[in-house]
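Encoded as structure tokens, the structure appears first; notes follow it.
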Ligand SMILES: Nc1ncnc2c1ncn2[C@@H]1O[C@H](COP(=O)(O)OP(=O)(O)O)[C@@H](O)[C@H]1O
Ligand code: SF4
Ligand SMILES: [Mg+2]
């Protein structure tokens, strides 16, 4: 059990160092990262000055160690556009994205898991067919398109909801749905499969044999067993939501890190982009570690054996 | 059967259909109080479906199309699902072939046994746990207090089957149905579980319907035995009468393939030449005709009814009088 936690922690650190290294390598792939950081019309002197200012004229391994050292002190460099620490820029936008991701996760889990449960336990019913149609739609319409469709129907045509900006709760509804739709479908499908898989197991028949109804067996035993694969999905989906935010925030003019990422790429503010990439990667790693810790509580086979 | 007492469980003309074929076809048998009835037959002959049908637990693909299951004076097949739930576990229980798979892997065995008691008895959690502890002692599990807090994966197959028996018997049902309860276990554990079941019959007077493909198990535990072939009862008799004087060619060949009755190792029944017909091959006549050394034209055309041979011994064969020929073939 302790071993298991330590092992997972070490794996997480290795994953994070891997991501940092990849980002570093990508930044230096073009040879001279200074060129990535300056405006296109910069003079040769400006470039040279910035190069030595940022230390890009030093040997590559010195730069790498310096980069890692900086990161361990939360020093992600200065935005060359705004002349403030890149981290501060990202931090100021992060609350919006957290809000949006939370809304989307609420849609994804709040709709997806009950839908999956109903689809697995009421096979052949009308409600199952309706839900299947919704899930298939959610999973096949690309995120940007569902965003635009929502804006067109509820924002422009019906005028029920604001089409852009952040602030009121009502402004969150459409972007949350658009961002959560794909995850919702994933949760519904995975929950359905996990439950159907559990329903075929002997302990379900055994539960009914001692006088429980199928519904009682589902609530007392099946859901908990079926949650194990769904937890894995939940961990991945949180990272996926942040990545999906890049598109949705642009469609809805939502001032989070997704929109910031696009703006920074356009203005060649790569140190800001780097912070965002690292942040999203970090969230992937963190959620997967959290999922593994949740298993420990759900599954005694992990808790007691490893 | 061999007792004058009125039967506790009486199964009459039980018929189960899957995809248009009768995979259980007109099965009838009685079990007297405190007696053990064995259903024996090759894999796929419809034993499990028969056992599920007794509790109304058939899988979705299967449907009971005829027959009754009377427990004392009640016909279980006439009950609503709601009434059946009250009977399951309380009046009639079942245990299955894979004991470890029959338990929820995420719940302690104590919680599962206690919950089984609480399903039918309005008692507190701690009372239910007391009963569970008592029950574990009754099925011969040492150190019940520790076991109660263990999870199924921490227990051996034999231990899990004892837990399943505890769950099945905690509400003191009159009938225990056991579908191949020892098939998944090693031989020594198998003997222990059978001993435990015999003891339960003796102590509590529970009737048992045990399903097996092993004649050794039949010899060890059963009072009466029904031999099934392709969904039908081929022969049914008190166990001694069946072993001493089989009246059906299939039974005779089965017994000939078992080396020694009381020390029989696990014996697979599928040692008779040929194979069981598949559902689509079920014809109008005797389903054993393709493999039977005594088969005649009549056998292929007309289904033999169960003929009464006296002493509770019945056989579904047109040529019972020619059985001595079989004994020669088998010898
Ligand atoms: N759920 C099911 N769906 C379709 N066919 C089944 C199902 N369960 C059993 N059968 C078929 O019914 C027949 C009898 O099965 P079963 O009662 O399990 O046999 P046994 O327990 O004697 O081995 C077999 O031919 C089997 O293939
Ligand atoms: S009825 Fe005919 S085929 Fe069937 S067991 Fe008897 S002799 Fe064999
Ligand atoms: Mg079976």
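Chains as they are written, first to last, in the UniProt record's numbering: chain A, 1 to 306; chain B, 1 to 331. Every residue, glycine too, gets a C-beta built ideally from N, C-alpha and C. Every value quoted in this text rests on a predicted model; they were computed, and no experiment measured them.
Check, Outcome
"Residues of the stretch 289 to 302 of chain A whose Cβ lies closer than 9 Å to any Cβ of chain B, in chain order", "298, 299, 300, 301"
"Partner residues on chain B for residue 212 of chain A, Cβ-Cβ distance less than 8 Å", "85, 119"
"Three-way DSSP call (helix, strand, coil) for residue 17 of chain B in this model", "strand"
"Classification of residue 298 of chain B by the beta-carbon crowding that lies within 10 angstroms, buried from 16 upward", "exposed"
"Local conformation of residue 291 of chain A per DSSP, three classes", "helix"
"heavy atom of ligand 2 below 7 Å from residue 288 of chain B C-beta", "yes"
"Minimum Cβ-Cβ distance from residue 240 of chain A to chain B less than 8 Å", "no"
"Through-space distance from residue 286 of chain B to residue 301 of chain B, alpha-carbon basis", "8 Å"
"Residues bridged to residue 236 of chain B (per DSSP)", "B:226, B:314"
"Proximity of residue 184 of chain A and residue 233 of chain A at Cβ, strictly below 8 Å", "no"
"Per-residue burial, residue 121 of chain B [other beta carbons within 10 Å of its own, 16 or more giving buried]", "exposed"
"Best match in B:137, B:169, B:250, B:31 for proximity to residue 335 of chain B [C-alpha to C-alpha]", "The requested residue 335 of chain B is not part of the displayed model; chain B covers only 1 to 331."
"contact_flag[the stretch 280 to 292 of chain A, the stretch 113 to 127 of chain A] where n(CB pairs < 8 Å) is 3 or more", "no"
"Contact set for residue 265 of chain B: own chain, Cβ-Cβ below 6 Å, skip 5 residues either direction", "Note on residue 265 of chain B: pLDDT 47, under 50, position unreliable in the model; no value is reported."
"Residue 248 of chain B Cβ short of 7 Å to ligand 2 heavy atom set", "yes"
"For review: beta carbons within less than 5 Å of any heavy atom in ligand 1", "B:18, B:23, B:43, B:44, B:45, B:46, B:47, B:48, B:49, B:59, B:61"
"Residue 22 of chain A versus A:274, A:296, A:293, residue with shortest Cα-Cα distance", "A:274"
"Rounded C-alpha distance that separates residue 139 of chain B from residue 190 of chain B", "14 Å"
"Counterpart residues of residue 93 of chain B in DSSP-defined beta bridges", "B:176"
"Closest Cα partner of residue 160 of chain B within the set B:58, B:214, B:102", "B:102"
"Residue 83 of chain B burial status per 10 Å Cβ neighbour count (16 or more: buried)", "exposed"
"Within chain B, the residues that residue 205 of chain A reaches when beta carbons sit closer than 9 Å", "52, 57, 59, 94, 96, 102"
"Euclidean distance between Cα positions of residue 223 of chain A and residue 246 of chain A", "34 Å"
"Any chain A beta carbon closer than 8 Å to residue 90 of chain B", "yes"
"8 Å contact criterion, which residue 69 of chain B and residue 49 of chain B should meet: CB distance rounded", "No, residue 69 of chain B and residue 49 of chain B are not in contact; Cβ-Cβ is about 13 Å, not under 8 Å."
"Where residue 307 of chain B falls: helix, strand or coil (DSSP)", "strand"
"Secondary structure, beta strand (DSSP E): runs of 3+ residues fully inside the stretch 41 to 83 of chain B", "62 to 71"
"CB contact flag (residue 96 of chain B, residue 197 of chain A, <8 Å)", "no"
"Cα-Cα separation between residue 35 of chain B and residue 109 of chain B, rounded to whole angstroms", "29 Å"
"Neighbour flag for residue 192 of chain A against chain B, beta carbons, 8 Å", "no"
"Reduced DSSP category for residue 156 of chain B - H, G, I as helix; E, B as strand; rest coil", "coil"
"C-alpha distance - residue 162 of chain B paired with residue 209 of chain A, whole-angstrom precision", "16 Å"
"C-alpha distance - residue 288 of chain B paired with residue 208 of chain B, whole-angstrom precision", "28 Å"
"Sequence-distant residues of the same chain with beta carbon closer than 8 Å to residue 151 of chain B, five excluded per side", "105, 106, 107, 108, 109"
"Distance between residue 87 of chain B and residue 75 of chain B (C-alpha atoms, nearest Å)", "11 Å"
"Per-residue burial, residue 172 of chain B [other beta carbons within 10 Å of its own, 16 or more giving buried]", "exposed"
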